[in-house]
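Encoded as structure tokens, the structure appears first; notes follow it.
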Amino acid sequence: MNGRLTITVDGRRIEARAGQTILEACQDAGVYVPRLCAHPKLSVYGSCRVCTCLVGGRATAACVQPVQPGMVIENDSDRVLEIRRTIIEMLFVEGNHFCMVCEKSGDCELQALAYRFGITHPRFPYMFPERPIDAGHPELLLDHDRCVLCGRCVRASAELDGKSALGFAGRGLRRRIEADGPRGLAGTDATGDDTIAEVCPVGALLRKGTAYRTPYGRRRYDHEPIGGDIDAPCGEAQEDR
Amino acid sequence: MAGKHTRPRVATCSLAGCFGCHMSLLDIDERIFELAELVEFARSPIVDKKRFDRRVDIGLIEGGCCNEENVATLREFRRHCEILVSIGDCATAGGVPALRNDIPLAECLAEAYVGGPTVHNPGGRIPDDPELPLLLDKVYPAHEVVRIDYFLPGCPPSAEALWQTLVALLEGRPLELPYELIKYD
Ligand code: SF4
Ligand code: FES
């Protein structure tokens with residue numbers, strides 16, 4: 001069976017390779033599955049659930065679930081889009097996302113997901129949690145207000161930079177990214193040349209001295225929805241009532 | 001929308017906002033003449049009208065609620081307007097004023113009026129005149145205080161986004177804005 005198999009995505013038959021995740025197989029077939037914690041250069045993690053699909057009617061994270069012959073997947077149904085939309089709204093109220101004063105605005109994957117889903121406001125009350133800023137490092141800045149706990153930086157430090165500058169600490173609502181050692185990022189061996197800031201999907205981990213280089217109108221998501229390079233957007237228009 | 005011989009009425013207000021959204025509305029440039037033909041402004045700083053004297057079709061809310069006066073104004077708008085639209089990030093999310101929301105109010109006041117590096121206030125008194133509206137513990141987006149019918153984020157929303165929203169509502173069409181007009185900055 002030479003490692004090829006067939007799955008069905010939104011009623012369309014797609015060829016996949018054994019060992020691929022649903023997200024990878026869909027991407028190869030030109031079907032965008034929204035994602036936040038997944039990153040092509042990093043191991044899979046499966047924390048954000050933005051990639052949720054229905055497989056045989058059950059909610060499944062497409063970025064971790066390997067394809068199986070004959071799988072029937074819903075990726076673009078009203079129910080799936082509603083689950084994802086809800087998750088994105090929860091990410092917004094759980095942190096402090098002040099887009100108007102964030103240098104990552106226009107280039108932020110969380111914001112871009114909200115744009116793609118036509119979200120004008122979250123349906124849940126804002127939590128406005130108290131979160132610190134770690135600005136002590138000469139080249140890097142970690143603003144916990146904006147962190148969505150995707151763990152990309154933790155994996156990038158270990159897998160791409162060969163260090164262990166960052167890890168997770170705490171549980172539940174108190175979960176946070178923590179630098180290795182008591183002095184914050186400045187006390188680690190992380191440098192501005194590491195990949196940790198580059199992989200951060202939001203404005204939580206930034207390289208200092210690089211802000212506002214791209215004018216409005218020319219930023220990554222100003223005209224083109226996220227995932228637009230993979231397929232057509234799920235809904236260009238928004239209606240709100 | 002409104003009675004036969006009247007133009008639809010539009011009211012606007014700026015609560016805990018900076019008037020930037022109102023400025024953005026003025027950015028529709030010469031279409032302001034068209035707007036003046038299309039609607040009649042009711043309670044609004046645009047025409048310096050401070051009271052509601054009859055029902056209004058559309059109320060545009062700029063800003064969230066940071067004090068009790070904002071709450072009273074917002075409730076008044078809800079009572080008098082058929083449709084309420086939250087305009088801008090302050091109304092939809094709290095915006096810049098909500099940057100204080102994870103700091104206790106007493107600490108904010110102490111920093112602003114007593115301990116801040118540029119403060120000269122030898123008496124150390126925090127303004128407490130009864131004329132001043134009481135501050136709320138936090139800044140609240142408009143929809144956490146009253147029911148809001150439509151939302152237009154942006155800091156500010158572009159003139160184009162405001163124009164298309166208004167025209168769609170005035171013509172009773174569904175509000176469908178293109179991708180490029182829904183922005184949070
Ligand atoms: S700092 Fe950025 S990359 Fe790291 S967990 Fe938070 S959002 Fe993810
Ligand atoms: S992208 Fe799959 S769980 Fe985050």
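Residue numbers (our numbering), protein chains in the order written: chain A, 1 to 241; chain B, 1 to 185.
The beta carbon of each residue, even a glycine, is placed where N, CA and C say it ideally should be.
For B/S24, decide whether its Cβ has a neighbour in chain A, counting only Cβ atoms nearer than 8 angstroms. Cβ-Cβ to chain A under 8 angstroms: no for B/S24.
8 angstroms is my cut-off, CB to CB: does B/G115 come that close to chain A? With 8 angstroms as the cut-off, B/G115 does not count as an interface residue toward chain A.
Are the beta-carbon atoms of A/L91 and A/L142 separated by less than 8 angstroms? Here A/L91 is not near A/L142, since their CB atoms are 8 angstroms or more apart.
Are A/V199 and A/C48 touching if we call contact CB-CB under 8 angstroms? With respect to the 8 angstroms criterion, A/V199 and A/C48 are not classified as neighbours on the basis of their beta carbons.
Which listed residue (A/L5, A/M127, A/K41 and A/G106) has its alpha carbon closest to that of A/C26: The candidate whose alpha carbon is nearest that of A/C26 is A/L5.
Hey, how far is the Cα of A/D145 from the Cα of A/R84? The alpha-carbon atoms of A/D145 and A/R84 are separated by roughly 22 angstroms.
Starting from B/A98, find everything on chain A with Cβ-Cβ shorter than 8 angstroms and list it in chain order. Chain A residues near B/A98: F98, Y126 and F128.
Using the Cβ count rule (16 or more neighbours within 10 Å means buried), how would you classify A/H39? By the 10 Å Cβ count, A/H39 comes out buried.
Exercise answer, beta-carbon shell around ligand 2 heavy atoms below 7 angstroms: Result (chain order): A/L23, A/R35, A/L36, A/C37, A/A38, A/Y45, A/G46, A/S47, A/C48, A/R49, A/V50, A/C51, A/A61, A/A62, A/C63, A/V64 and A/C150.
Which residues, taken in chain order from the stretch 20–36 of chain A, show a beta carbon closer than 9 angstroms to some beta carbon of chain B? Answer in chain order: no residues at all.
Indicate, with yes or no, if ligand 1 has a heavy atom lying under 7 angstroms from the CB of A/L185. Judged by the Cβ position, A/L185 fails to qualify as a neighbour of ligand 1 at the 7 angstroms threshold, every heavy atom of the ligand being at least this far.
Chain-order list of residues whose beta-carbon lies under 7 angstroms from that of B/A2 (same chain, five-residue window excluded): Confidence is the limiting factor: at B/A2 the pLDDT is only 47, short of 50, which leaves the residue's position unreliable, though a coordinate-based value still follows. Short of 7 angstroms from the beta carbon of B/A2, and not among the five residues preceding or following it, lie these beta carbons of its own chain, in chain order: P8, R9 and D57.
Run through DSSP, which three-state label would B/K183 get? Coil at B/K183, not helix or strand.
Whole angstroms are fine: how far does the CA of B/Y179 sit from the CA of A/K41? If you take the alpha carbons of A/K41 and B/Y179, they lie about 29 angstroms apart.
Does the separation of the CB atoms of B/A142 and B/L152 fall below 8 angstroms? The Cβ-Cβ distance between B/A142 and B/L152 does not fall below 8 angstroms.
B/I58 - DSSP class collapsed to helix/strand/coil: DSSP places B/I58 in strand when its eight states are reduced to three.
Take A/K163 and list the residues in its own chain whose beta-carbon comes closer than 6 angstroms to its own, dropping the five residues that flank it on each side. The residues are S157 and D189.
Only counting the same chain, and skipping five residues up and downstream in sequence, which positions put a Cβ closer than 7 angstroms to that of B/R31? Same-chain partners within the cutoff: W163.
Residue range of the beta strand (DSSP E) that A/D143 falls in? Taken as a continuous stretch (DSSP letters only), the beta strand (DSSP E) holding A/D143 covers L140 to D143.
Distance between A/D10 and A/S77 (C-alpha atoms, nearest Å): Answer to the nearest angstrom: the Cα atoms are 8 angstroms apart.
Hey, B/D137 and B/L99 are a contact pair by Cβ (cut 8 angstroms); roughly how many whole angstroms apart? Wrong, their Cβ atoms sit about 15 angstroms apart, outside the cutoff.
Roughly how many angstroms separate the alpha carbons of B/Y140 and B/P130, rounded to a whole number? For B/Y140 and B/P130, the distance between alpha carbons rounds to 22 angstroms.
Got a sec, what are the start and stop residues for the beta strand (DSSP E) B/D137 sits in? Membership of B/D137 in the beta strand (DSSP E) is indicated by the continuous run L135 to Y140.
For A/K104, count neighbouring Cβ atoms within 10 angstroms of its own Cβ and tell me buried if that reaches 16, exposed if not. The residue is buried, with at least 16 neighbouring Cβ atoms inside 10 Å.
Opening and closing residue of the beta strand (DSSP E) in which A/I177 lies: Per DSSP, the unbroken beta strand (DSSP E) holding A/I177 starts and ends at R176 to A179.
Segments assigned beta strand (DSSP E), at least 3 residues, entirely inside the stretch 19–94 of chain B: Annotation note: the stretch 19–94 of chain B contains the following uninterrupted beta strand (DSSP E) runs of length 3 or greater, listed N- to C-terminal: 56–62, 65–67 and 81–87.
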